Amino acid sequence: MAIAQADVLWRPEDDYRVKPTLEEGDVYRPDILAVINAAVDSLSRDLRELNLDIHGEVMDVADKKRIIQKSNTKNEKRGFEVTRHHLLETAWVATYTHGKGGRVLGVNSEIDALPGISHACGHNLIGTAGVAVACAAKATMEQLDIDGKVVLLGTPAEEGGFGKVKLWEKGAYKGMDACVMSVTRPA
């Protein structure tokens, strides 16, 4: 009897001998984890710089535009195709396609701040994590020749502006098989 994908919960620290298998392939792929770790490690300086850039700003419209422009320029250098002002003034999308077909992974990257307290919600971490995930997925597809597409979506105006809701209503999430986002929480 095959195990359904949704029924599988297995962590790398679990004993490999009891690892559940699926007819479609392995749940745990050390080769994929190695590529992800190497990709994030190689970007650690850039990711830290982005994190500090976002955190250091009060986040008026000019600050957002400056940080978004800098981030988009780096994403282009990393091999993503960037569309600025994607459906909203400060929204953007960076895409990378490898091969033909495959799954489409969406990744949200929030960049915003709260008036008076700036980044209490951790948007500097959320925005940076989104970039890290998209870059790691891109590296995995390239190095392991996995067909698919990564869509890194810069979502502005999250604090009272309902940025993702507006992007959803305008169709920004159409065509994605899954969309992920990292969110901070109190320690």
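Heads up: the sequence shown begins at 1 in this note's numbering, then just goes up one per residue. Heads up, the beta-carbon is just placed ideally off N, CA and C, and yes, glycines get one too. Predicted, not measured: the structure shown is a model, and the values here were computed from it.
Cα-Cα separation, residue i to residue j
| i | j | result |
| --- | --- | --- |
| isoleucine 68 | histidine 86 | 12 Å |
| cysteine 179 | glycine 101 | 17 Å |
| serine 109 | alanine 94 | 10 Å |
| arginine 29 | asparagine 37 | 13 Å |
| cysteine 121 | threonine 128 | 13 Å |
| threonine 73 | leucine 43 | 15 Å |
| alanine 6 | arginine 185 | Reliability fails at alanine 6, whose pLDDT of 47 lies under 50, so the model's placement of it is uncertain and the value that follows must be treated cautiously. Cα-Cα distance, rounded: 26 Å. |
| alanine 34 | alanine 139 | 11 Å |
| arginine 45 | lysine 166 | 32 Å |
| methionine 181 | isoleucine 126 | 8 Å |
| lysine 174 | lysine 77 | 26 Å |
Beta-carbon spacing of residue i, residue j below 7 Å
| i | j | result |
| --- | --- | --- |
| alanine 136 | valine 40 | yes |
| asparagine 124 | asparagine 51 | yes |
| leucine 248 | alanine 132 | Because the chain is modelled from 1 through 187, residue 248 falls outside the range shown and cannot be assessed. |
Beta-carbon separation (whole angstroms), residue i vs residue j, contact threshold 8 Å
| i | j | result |
| --- | --- | --- |
| lysine 70 | aspartate 53 | 7 Å |
| leucine 153 | valine 82 | Not really, about 11 Å apart at Cβ, beyond 8 Å. |
Cross-strand partners of residue i (DSSP beta bridge)
| i | result |
| --- | --- |
| cysteine 179 | Gly106 |
Is the stretch 92–106 close to the stretch 128–148, with three or more CB pairs under 8 Å? yes
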